[in-house]
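Mapping of the sequence shown onto mature numbering (1 follows the signal peptide of the UniProt record, and there is no 0): residues -21 to -1, 1 to 146, in sequence order.
Note that CB positions come from ideal geometry on N, CA and C, so glycine has one too.
Because the structure is a prediction, the values reported are computed rather than measured.
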Amino acid sequence: MMRKKIIYIAGLTLMALGLGAATTTQSVSAAVANPIQQGKRLNLTRKATVFNKKGVKVGHLRKGRVYKIRALRIINGDTYVKIGRNRFVKEEAFLPYLKPTMKVENRIKRPSFIYDENGEKIPGKFVKRGAKVNNLGHKEINEKPFIKIAEGQYVKAFNVLTTIINY
């Protein structure tokens, strides 16, 4: 409750100073370097499982300790950080240095017809509710938004529910 009040007051203060809303926005695309590098000392920000070089669990670590990164290894398809002799921890244990991963899933909200490039229904083509569809782009046909699901096939954008899943 106290945290909400602090956030609310901070928001009011920023708005009063004119910092709450940006007048112009610019998109900056910059490559983020992976901060997990050999020789650095990083904080373990959550509990972690220790593995050996074969990927077998051999122990646990508490959060809050600082470890020196000795090497990065790929074991069974996952990236591990070597923190000691035959002691490895998954790379994700060193938050906030987790690589951003997300998955976009598109599902049909209600039964939908499939349309062609001209906005006309394709006879016999239909998508059931709950079906997963690809989102290959957006197109406006006759001033109505459509989502391209295949080559020459479109579904009304209002019938598609897009969810973003973070891992």
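Secondary structure of A136 (DSSP, three-state): helix. Between the C-alpha atoms of K47 and R64 there is a straight-line separation of about 12 Å.
The closest CA to that of R41, considering only K111, K33, A27, is found on A27. Between V29 and R89, the CB-CB gap reaches or exceeds 8 Å.
In the three-state DSSP reduction, A27 falls in the strand class (E or B).
Non-local C-beta neighbours of I126 in its own chain, meaning closer than 7 Å and more than five positions away in sequence, comprise N114, H117, Y133, V134, A136, V139, ordered along the chain. Out of G109, S91, V112, the CA that lies nearest to the CA of G103 is found in S91.
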